[in-house]
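J.: Provided herewith is a single structure, encoded as structure tokens, for subsequent inquiry.
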Amino acid sequence: MPNDKNPIIPFAETNFRNQRVRFGIKEDDRRRHMYLVGKTGMGKTTMLENMMISDIQSGNGVCVIDPHGEFADRMLDFVPSSRVNDVVYFNPADTEYPIAFNVLESVNPEHRHLVASGLISVYKKIWADSWGPRLEYLLRNAILALLDYHTSTMLGITRMLVDKGYRKKVVKQITDPVVKRFWVEEFAMYHDTFRTEAISPIQNKVGQFLSSAIIRNIVGQTKSSIDMRDIMDNKKILLVNLAKGRLGEDISALLGAMIITKLYLAAMSRVEVPEKEREDFYLYVDEFQNFATESFADILSEARKYHLGLILAHQYLAQLDEKVADAIFGNIGTIVCFRIGATDAEELVKEFEPIFTENDLVNIAKYEIYVKLMIDGVAEDAFSALSLPPSPKSLRTGNREKIVKVSRERYGGERNVIEDKIKRWSGIEGLREEGKEK
3 MPNDKNPIIP
13 FAETNFRNQR
23 VRFGIKEDDR
33 RRHMYLVGKT
43 GMGKTTMLEN
53 MMISDIQSGN
63 GVCVIDPHGE
73 FADRMLDFVP
83 SSRVNDVVYF
93 NPADTEYPIA
103 FNVLESVNPE
113 HRHLVASGLI
123 SVYKKIWADS
133 WGPRLEYLLR
143 NAILALLDYH
153 TSTMLGITRM
163 LVDKGYRKKV
173 VKQITDPVVK
183 RFWVEEFAMY
193 HDTFRTEAIS
203 PIQNKVGQFL
213 SSAIIRNIVG
223 QTKSSIDMRD
233 IMDNKKILLV
243 NLAKGRLGED
253 ISALLGAMII
263 TKLYLAAMSR
273 VEVPEKERED
283 FYLYVDEFQN
293 FATESFADIL
303 SEARKYHLGL
313 ILAHQYLAQL
323 DEKVADAIFG
333 NIGTIVCFRI
343 GATDAEELVK
353 EFEPIFTEND
363 LVNIAKYEIY
373 VKLMIDGVAE
383 DAFSALSLPP
393 SPKSLRTGNR
403 EKIVKVSRER
413 YGGERNVIED
423 KIKRWSGIEG
433 LREEGKEK
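First residue of the sequence shown? That's 3 in my numbering, and the numbers climb one at a time after it.
Here's what the structure looks like:
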């Protein structure tokens, strides 16, 4: 267990000459991030869970973004009574008490392009086959315009395109001259046929996302009920259950990418806090290829400065965009390799030579790992080790129901009240006949 003098989080044990000694990673080295790769069923998620349980029980600030749901859900069993009030359990499948999460709310003007890029890159990833430059241009201008409008939400994207009265209100508030010029001089000059043609892909794609009541009730509220900066600075525990089986793959990916973007913005807003006073915060992302957009690469390279440490896990390199893969190997301090396939071994062996060969990486036993560990800012030679077994049931605290109840009361809202507000916001003026602008 870590302590103030030796803040180390254990994650494995040595197996050299059958001497079993637990070891871990130091706080400073965690800011250089940690990357786990290996085939399914090899023990990656167990390692993440063990590390996170240590973090929770040590009082650290943590977040898990989990596209399967089991990891985030299991963590509820390991929160001590002293930390029940620290937990934010973000479970979109809890449809009766949606949490409010507005990605467009209160964004520093300097960082608005990051929000736009983050949203666009995840849409682009989801709809890669039908993406085009005009769609991206129009969507970017819509998002940047709404970031200037004080009560905007994601629901405003499609409304901005079809509701003249609403668009007029938004355009009035735009401070960015380039964005304003687009709406006043360019979009206003589109003739009806061209406009319908230009906006229909956005209506289809964004509209498809927002047509789900689950997502609409979360992103359609103007005032977020969770404050990412508060979560980071006060070392809270954010458990994000994005189970694809319940939400659908696209909604899970989009929500996850939005949360990661907001956490990154919160981390960057600490720039005015002296570095020594910035609290470390750890972001665990299992199956992170689901959220690994092009803008994720920027987060990897910049997060360390703001004491945001990433722990990323996935199965194989082909899941990643080239830019993201380059960012990983350019910025990750500690690499943990479970058994991988021959194609990945060709690439990853560069990190483990001359100690291990491609053949070693392909034939590693279950629960055995090869580690390239960063110690005091220096990447040490690779070595073999054993991952730790799952945390014992004796560590379970029995606080699950209390945590869910407290988190729901603090951060959730009543579904019927939220839906009523969204209906009033949409109003009859927000509706239209297909293809005709109000």
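Glycine included, each C-beta is placed from N, C-alpha and C at the ideal position.
Alpha carbon to alpha carbon, how far is R183 from L38? Give it in angstroms, no decimals.
T.: Distance between the alpha carbons of L38 and R183 is about 46 Å.
J.: Does the Cβ-Cβ distance between I342 and Y318 come in under 8 Å?
T.: Contact flag set, yes.
J.: When DSSP labels each residue in this structure, what does S132 get in the three-state scheme?
T.: Three-state result, S132: helix.
J.: Apart from the five residues just before and just after E296, which ones in its own chain have a Cβ nearer than 6 Å to its Cβ?
T.: Excluding residues within five positions, the ones whose Cβ falls inside 6 Å are S123, K325.
J.: Tell me, please, whether the region 365-383 touches the region 392-407 by the rule of three or more beta-carbon pairs shorter than 8 Å.
T.: No, because fewer than three Cβ pairs between the region 365-383 and the region 392-407 fall closer than 8 Å, the two stretches do not touch.
J.: With three or more C-beta pairs closer than 8 Å as the rule, is the region 54-66 touching the region 274-293?
T.: At 8 Å Cβ cutoff, the stretches touch.
J.: By the 10 Å Cβ neighbour count, where 16 or more other Cβ atoms means buried, how is I201 classified, buried or exposed?
T.: Burial call: buried.
J.: Using the C-alpha atoms, what's the distance from R426 back to V419?
T.: Approximately 11 Å between the Cα atoms of the pair.
J.: Helix, strand or coil for S428 per DSSP?
T.: Helix.
J.: Evaluate contact between the region 171-185 and the region 134-152, counting only Cβ atoms and requiring at least three cross-stretch pairs below 8 Å.
T.: Touching, yes, given that three or more Cβ pairs across the two stretches are closer than 8 Å.
J.: Are the Cβ atoms of E281 and D235 separated by less than 8 Å?
T.: Yes.
J.: Do the region 187-205 and the region 52-61 touch if we need at least three Cβ pairs shorter than 8 Å?
T.: Cβ pair count under 8 Å is below three, so no.
J.: Taking the alpha-carbon positions, what's the H113 to K374 distance?
T.: So the two alpha carbons sit approximately 34 Å from each other.
J.: Would you say the region 303-316 touches the region 256-275, given that touching needs at least three Cβ pairs under 8 Å?
T.: A contact exists between the region 303-316 and the region 256-275.
J.: Bridge partners of H316, per DSSP?
T.: Looking at the DSSP assignment, H316 forms a beta bridge with V39.
J.: Which residue's Cα is closest to the Cα of E277: I10, N17, D30, R24?
T.: Closest by alpha carbon: D30.
J.: Tell me, please, whether the region 122-137 touches the region 75-86 by the rule of three or more beta-carbon pairs shorter than 8 Å.
T.: Cβ pair count under 8 Å is below three, so no.
J.: Would you kindly work out how many angstroms separate the C-alpha atoms of Y99 and K171, rounded to a whole number?
T.: Using only the alpha carbons, I get a separation of about 31 Å.
J.: Since I believe I228 is in contact with I101 (beta carbons under 8 Å), could you give me their beta-carbon distance rounded to a whole number of angstroms?
T.: With 8 Å as the limit, I101 and I228 qualify as a contact, their Cβ atoms being about 6 Å apart.
J.: Would you tell me roughly how many angstroms separate the C-alpha atoms of V351 and P111, rounded to the nearest one?
T.: Their backbone Cα atoms lie some 43 Å apart in a straight line.
J.: Flag this pair as yes or no: are the beta carbons of T160 and G222 separated by less than 8 Å?
T.: No, they are not a contact pair.
J.: For I145, which residues in the same chain have their Cβ closer than 8 Å to its Cβ, ignoring the five residues on either side in sequence?
T.: Closer than 8 Å at the Cβ level, and outside the excluded window around I145, lie L106, V117, A118, L121, I122, I159.
J.: Taking only three categories from DSSP, how would you classify P203?
T.: Helix.
J.: Whole-angstrom Cβ separation of F293 and G258, contact assumed at under 8 Å?
T.: Contact flag correct, Cβ pair sits at about 4 Å.
J.: Mind checking which residues open and close the alpha helix (DSSP H) that includes R398?
T.: No alpha helix (DSSP H) contains R398, which DSSP labels as neither H nor E.
J.: Can you pull the DSSP bridge partners for R114?
T.: BP columns for R114 are empty, so no partner.
J.: Measure the C-alpha to C-alpha separation of P4 and D232 and round it to an integer number of angstroms.
T.: Here P4 scores only 43 on pLDDT, less than 50, and its place in the model should not be relied on; the value that follows carries that caveat. When rounded, the distance between both Cα atoms is 24 Å.
J.: Could you check what DSSP says for L50 in three-state terms: helix, strand or coil?
T.: L50: helix per DSSP, three-state reduction.
J.: With a CB to CB cut of under 6 Å and the five nearest residues on each side skipped, what residues in its chain are close to H316?
T.: Excluding sequence neighbours, H316 sits near E289, F290, Q291.
J.: From what residue to what residue does the beta strand (DSSP E) around R24 run?
T.: It spans 24-28 - the beta strand (DSSP E) in which R24 sits, taken as one unbroken run.
J.: Are there 16 or more other CB atoms within 10 angstroms of the CB of F340, so buried, or fewer, so exposed?
T.: That one is buried.
J.: Checking the sheet assignment: what are the DSSP bridge partners for S389?
T.: DSSP output for S389 lists A14 as bridge partner(s).
J.: Using DSSP with H/G/I as helix, E/B as strand and the rest coil, what is K238?
T.: Note: K238 maps to coil in three-state DSSP.
J.: Can you give me the Cβ contacts of G414 inside the same chain, cut-off strictly under 6 Å, excluding the 5 residues immediately before and after it?
T.: Contacts found: Y99, I101.
J.: For N62, which option in S254, A329, L310 has the closest C-alpha, if you only look at C-alpha atoms?
T.: With distances taken between Cα atoms, N62 lies closest to L310.
J.: Return the Cβ separation of N93 and N333 in integer angstroms, given the expectation that the two are a contact with Cβ distance under 8 Å.
T.: About 31 Å; that fails the 8 Å criterion.
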